[in-house]
Structures are given as C-alpha cells and as structure tokens.
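Undergrad: Sending over a structure as structure tokens; questions will come in a sec.
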Amino acid sequence: MIDLPVMQFPVEKLINTARASRERAYAPYSGFRVGAAILTSEGRVYTGCNIENASYGLTVCAERVALFKAVSNGERQFAALAVISDSEDYCTPCGACRQVLAEFGSEVKVYMCNHHGEYIVKTLAELLPLSFKLKGGEDGKIEDSPRPNPVRVVEPVDR
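106 is the number that full-length UniProt numbering gives to position 106 of the sequence shown; each next residue is one higher, with no gaps.
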C-alpha cells in the first residue's frame, strides 16, 4: 500500500480538482456530468471527465479518462482517486472502471463525492473484491498458472 501522498496531499484539493474537471464533461445525452482526479504515488494528479457519444458503447467514464492519461504519461502506481458528479448521491465508479483501476492495485483509496463535495472513502479492494487478474510479468508475457485437477462426474453404467 502506498501511504505517502494521501496523507500529504489534501483530499479537498483532489476533490476540487475533480470538480473542476467535471465542468469540462461532454454529456449532451444523459446530462450526467462526472469529473475525476487520480493521484499518483509520486504526488502528481491527472484529471478526467466523462465523454459521451451518440453510440453509448463508445462513451468513456471520467475515471478511465484520468487513469488513461496518467498511464499514457508513464504512471503505474496510484494512491487515490476522487470522483464527483452533479448528484446528491455519492458518485461511485462503475464496474468497468473498478476493473480497469484494479489493474494497478487494490489499495487505491477511492473518494466518492456528491455535488457538495461530501465523500465516502473505500479502497478499491472493498469496491471490487475478487477482481479479475491475469498472471503476467513486467515484460507483458502471460505466465501459465497451475490448473486444478478436473472433477469428473461419472454416471453409473448399470441402470
């Protein structure tokens, strides 16, 4: 777990950065604007907003935009993510965002905010227990994982 920036980086600043990013959201279909800010282990912050498309399947969530910007800049270790919408409800990452974030660590703190800036915080492991993982090395090669012995159900021959 990475402790450094979350304790030294003011949570309110991360939330306000996400709020400012929300203002750049492109949400003409749903009207549901979301902003996100992700904090790296080195203390850098990357932002994202949701970007909708007439073909809904091509829409991208704010959390993934922020993460992809960070990864495309060489970041691989993250400490925290703030996500905020215009809603009275706390804005939680969707399942796809949770899975994508889990690729980079389960102890990332996720600050889920309402439009007032009030928040609840959970680790990614709490939001997505038993996330899907492939065993792979730094070189990107997938390692063979041991397979359990299959259980066979055998029907009796005599009926």
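Virtual Cβ for every residue (Gly too), placed ideally from N, Cα, C.
How many whole angstroms separate the CB atoms of L81 and I51, which I take to be in contact at a CB cut-off of 8 Å?
TA: Position 81 of the sequence shown, counted from the start, is the residue given in the question as residue 81. Position 51 of the sequence shown, counted from the start, is the residue given in the question as residue 51. About 17 Å; that fails the 8 Å criterion.
Undergrad: Report yes if the C-beta distance between S21 and G31 is below 8 Å; otherwise report no.
TA: In the sequence shown, counting from the first residue as 1, residue 21 sits at position 21. In the sequence shown, counting from the first residue as 1, residue 31 sits at position 31. The beta carbons of S21 and G31 sit no closer together than 8 Å.
Undergrad: Measuring straight from C-alpha to C-alpha, what distance separates Y56 and F78?
TA: Taking the sequence shown and counting its residues from 1, one reaches residue 56 at position 56. Taking the sequence shown and counting its residues from 1, one reaches residue 78 at position 78. Between Y56 and F78, the C-alpha separation is close to 28 Å.
Undergrad: Give me the Cα-Cα distance between K109 and L58, rounded to the nearest whole angstrom.
TA: Locating residue 109 in the sequence shown gives position 109, counting from the first residue. Locating residue 58 in the sequence shown gives position 58, counting from the first residue. If you take the alpha carbons of K109 and L58, they lie about 27 Å apart.
Undergrad: Jot down the residue ranges of each uninterrupted alpha helix (DSSP H) in the region 100-126, minimum 4 residues, whole runs only, in chain order.
TA: none
Undergrad: On the CB-based measure, 16 or more other CB atoms within 10 Å of its CB, does S85 come out buried or exposed?
TA: The residue labelled residue 85 in the question sits at position 85 within the sequence shown. Per the 10 Å Cβ criterion, buried.
Undergrad: Does DSSP classify Y56 as helix, strand or coil?
TA: In the sequence shown, the residue the question calls residue 56 occupies position 56. Correct three-state label for Y56: helix.
Undergrad: Give the secondary structure of L67 by DSSP, where H, G and I count as helix, E and B as strand, and everything else as coil.
TA: Taking the first residue of the sequence shown as position 1, residue 67 is located at position 67. In this structure, L67 counts as helix in the three-state DSSP scheme.
Undergrad: I'd like to know if the region 63-76 and the region 91-100 are in contact, where contact means that at least 3 CB-CB pairs between them fall below 8 Å.
TA: yes
Undergrad: So, helix, strand or coil for S72, using DSSP?
TA: Start at 1 with the first residue of the sequence shown, and residue 72 comes out as number 72. Residue state, collapsed to three classes: helix.
Undergrad: Going by CA-CA distance only, name the one from Y29, F132, N114 and F68 that's closest to Q99.
TA: For the purposes of this step, residue 99 is taken as residue 99 along the sequence shown, with counting starting at 1. Nearest C-alpha to Q99: F132.
Undergrad: Counting only the same chain and skipping the five closest in sequence on each side, list residues whose C-beta sits under 8 Å from that of A25.
TA: One-based indexing of the sequence shown puts residue 25 at position 25. R33, V34, G35, C49, N50, I51 and A62, listed in sequence order.
Undergrad: Between the Cα of G105 and the Cα atoms of H116, L124 and M112, which residue gives the shortest distance?
TA: Position 105 of the sequence shown, counting from 1, holds the residue named residue 105. If we check each option's Cα against that of G105, L124 comes out closest.
Undergrad: May I have a chain-ordered list of the alpha helix (DSSP H) segments no shorter than 4 residues that lie completely inside the region 13-45?
TA: none
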